[in-house]
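A.B. asks:
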Amino acid sequence: MHGQAGASNSGLASSQPSRLLRSLAMATALVASALAGAWIQSYAHTPAHAADAFQAQAMDARLVRDSAHMRDTLALLAGKVGELQARLITMTALSRRIAKQADIAYTDPEINAGIDTAAPPMDDIAGARPQPDSGVSLGLALDRLQQRMTEQGERLALLDLAFTRRAGIEARLPDLTPVDYTRLSSPFGWRVNPVTHRRSLHEGMDLVAPRGAAIYAASGGVVTKAGREAGYGNMVEIDHGNGLVTRYAHASALDVKVGDLVEKGQVIAQVGTSGRSTGPHLHFEVRMAGTPLDPRLFLAKPGVSGHLVAAAATHAGAGATEVR
């Protein structure tokens with residue numbers, strides 16, 4: 001009995017250390033876990049980590065605001081691009097209408113070619129309006145718009161050059177009546193010459209005026225002749241450039257000399273009856289590249305354009321004689 005109790009106490013004693021070790025291990029694990037959790041919780045609440053979290057939140061908020069602002073800006077720019085596209089289309093159409101109204105196509109074919117041929121359809125721009133959220137498409141639209149505006153600027157510069165050129169030509173046209181008297185005794189064209197009594201081409205127009213009346217330059221230019229010429233008597237010839245020349249014949253006195261630069265309306269001579277003439281008058285001629293033109297083309301229509309001059313020169317009669 002005593003032996004059984006001793007054996008039982010011995011087994012109990014031997015099992016207690018193992019249970020104690022297990023309990024100690026479990027307690028150690030629990031303490032370690034508690035310490036780890038406390039350490040993690042303590043780290044999570046340190047000021048540095050809190051600052052990082054706040055900065056991250058602030059950055060996210062800033063990105064959201066910047067993204068919204070960028071979308072608004074793209075939408076605004078897309079609208080502006082659309083407005084510029086519409087204005088460019090209007091400018092292109094306007095330049096075409098101006099060119100046609102000014103008859104640029106007839107007198108300046110190279111200018112018209114620049115206006116009509118280089119302008120591609122605008123449908124590719126107008127029909128492809130950039131989306132507000134597409135920066136790439138907006139950039140492409142701006143590139144195309146810049147190219148079109150450059151081309152349109154070049155066409156407008158050519159159109160301006162054509163107008164400047166035409167203004168220069170018209171400024172030299174002899175559209176001022178060379179005397180203060182408008183009685184026409186003999187127009188331009190075929191007639192029976194009052195001196196020779198033969199049918200011949202009258203290469204100018206005769207304006208009756210009293211002897212000594214002032215003769216004015218019909219337009220500005222350079223005096224190329226100033227003296228006595230067969231048939232013309234005392235005559236002044238003025239070169240207005242581009243092959244355009246005027247002559248003033250039968251003068252009683254000349255007030256200019258060869259080489260003088262004269263202005264429109266300047267007194268160049270005085271009416272007389274020198275040369276082959278039956279009475280005091282001014283014989284006034286206009287010539288283009290040597291071909292006589294009817295002066296009334298200029299005097300009756302001061303704004304006559306260059307193509308009218310060219311057409312008149314082409315259809316003017318030939319067969320000039322010495323008798324004026």
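Okay, so the sequence shown: first residue is 1 according to the UniProt record's numbering, each after it adds one. Just so it is clear, CB atoms sit at the ideal spot from N, CA and C, and this is done for glycine as well.
Count the other CB atoms, across all protein chains shown, that sit within 10 Å of the CB of E110; report buried if there are 16 or more and exposed otherwise.
C.D. replies: With a pLDDT of 49 at E110, under the threshold of 50, the modelled position of that residue is not reliable, and no figure is offered here.
A.B. asks: Just curious, the alpha helix (DSSP H) that L299 is in, first and last residue?
C.D. replies: R296 to L299 is the extent of the alpha helix (DSSP H) around L299.
A.B. asks: So what's F163 in DSSP terms, helix, strand or just coil?
C.D. replies: If DSSP states are grouped into helix, strand and coil, F163 belongs with the helices.
A.B. asks: Nearest by alpha-carbon distance to G206: which of R247, L63, E151 and G82 is it?
C.D. replies: Here residue 206 turns out to be Asp, not Gly, going by the sequence shown. For D206, the nearest C-alpha among the options comes from R247.
A.B. asks: Determine whether the beta carbon atoms of V262 and A217 lie at a separation below 8 angstroms.
C.D. replies: Going by C-beta atoms, V262 is nearer than 8 angstroms to A217.
A.B. asks: Which of the three DSSP states, helix, strand or coil, is assigned to H197?
C.D. replies: Note: H197 maps to coil in three-state DSSP.
A.B. asks: Determine, using beta-carbon pairs with one atom in the segment 256 to 270 and one in the segment 239 to 246, whether at least three such pairs fall under 8 angstroms.
C.D. replies: The segment 256 to 270, when compared against the segment 239 to 246, does not touch it at the 8 angstroms Cβ threshold.
A.B. asks: Let's see if you can read the secondary structure: which residues bound the beta strand (DSSP E) around G233?
C.D. replies: It spans G233 to G241 - the beta strand (DSSP E) in which G233 sits, taken as one unbroken run.
A.B. asks: Taking one C-beta from the segment 155 to 165 and one from the segment 185 to 194 each time, how about it: are there three or more such pairs within less than 8 angstroms?
C.D. replies: Result no; under three Cβ-Cβ pairs closer than 8 angstroms.
A.B. asks: Can a CB atom of chain B be found closer than 8 angstroms to the CB of R166?
C.D. replies: The chain inventory of the structure shown lacks chain B, comprising one protein chain alone.
A.B. asks: With DSSP collapsed to three states, give me the class of D124.
C.D. replies: No answer about D124 holds up, because its pLDDT of 43 lies below 50 and its placement is not dependable.
A.B. asks: Inspect the beta-carbon positions of A230 and V179 and report whether they are closer than 8 angstroms.
C.D. replies: Cβ distance not < 8 angstroms, so A230 and V179 don't count as in contact.
A.B. asks: According to DSSP, is V256 part of a helix, a strand, or is it coil?
C.D. replies: In this structure, V256 counts as coil in the three-state DSSP scheme.
A.B. asks: So does the segment 143 to 155 actually touch the segment 251 to 260, counting three or more Cβ pairs closer than 8 angstroms?
C.D. replies: Touching, no.
A.B. asks: Just the Cα atoms here: how many angstroms apart are L156 and E170?
C.D. replies: Cα to Cα, L156 sits roughly 21 angstroms from E170.
A.B. asks: Within its chain, find whatever has a CB closer than 8 angstroms to the CB of G233; leave out the 5 residues flanking it on each side and keep chain order.
C.D. replies: Within the same chain, G233 has close Cβ partners A249, H250, A251, G272, T273, S274, G275, R276 and S277.
A.B. asks: With 16 as the cutoff for other CB atoms within 10 Å, does V81 come out buried or exposed?
C.D. replies: By the neighbour-count rule (16 or more Cβ atoms within 10 Å), V81 is buried.
A.B. asks: Is the separation between the beta-carbon of G221 and that of G241 shorter than 8 angstroms?
C.D. replies: Yes, the Cβ-Cβ distance between G221 and G241 is below 8 angstroms.
A.B. asks: Just to confirm the assignment, what range does the beta strand (DSSP E) spanning R212 have?
C.D. replies: Reading off the sequence shown, one finds Gly at residue 212, where the question assumed Arg. First-last for G212: undefined, no H or E at that position.
A.B. asks: Could you tell me the distance, in whole angstroms, from the CA atom of R228 to the CA atom of M235?
C.D. replies: The alpha-carbon atoms of R228 and M235 are separated by roughly 6 angstroms.
A.B. asks: Under 7 angstroms: does the beta carbon of A226 sit that close to some heavy atom of the ligand ZN?
C.D. replies: The ligand ZN is absent from the structure shown, which contains no ligands of any kind.
A.B. asks: Tell me whether L207 sits in a helix, a strand or coil according to DSSP, three-state version.
C.D. replies: It is a strand residue.
A.B. asks: Is Q266 helix, strand or coil when you go by DSSP?
C.D. replies: Q266: coil per DSSP, three-state reduction.
A.B. asks: Distance, Cα to Cα, F280 vs R211?
C.D. replies: A small correction: the amino acid at residue 280 is Pro; Phe does not occupy that position in the sequence shown. Rounded to whole angstroms, P280 to R211 spans 6 angstroms at the Cα level.
A.B. asks: Rounded to whole angstroms, what's the CA-CA distance from V208 to R296? Just pull it up for me.
C.D. replies: Approximately 15 angstroms, taken between the alpha carbons.
A.B. asks: Expressed to the nearest angstrom, what Euclidean distance is found between the alpha-carbon atoms of I238 and R96?
C.D. replies: Distance between the alpha carbons of I238 and R96: 37 angstroms.
A.B. asks: Around the C-beta of H69, are 16 or more other C-beta atoms found within 10 angstroms, so that it is buried, or is it exposed?
C.D. replies: Answer is exposed; the Cβ neighbour count stays below 16.
A.B. asks: For V192, list the residues DSSP reports as bridge partners.
C.D. replies: Beta-bridge pairing links V192 to R199.
A.B. asks: Among all the DSSP beta bridges, which residues are the ones paired with H281?
C.D. replies: Note: H281 sits in a beta bridge opposite V208 and G272.
A.B. asks: What is the residue span of the beta strand (DSSP E) that V223 lies within?
C.D. replies: Where V223 is concerned, the enclosing beta strand (DSSP E) stretches over G221 to E229.
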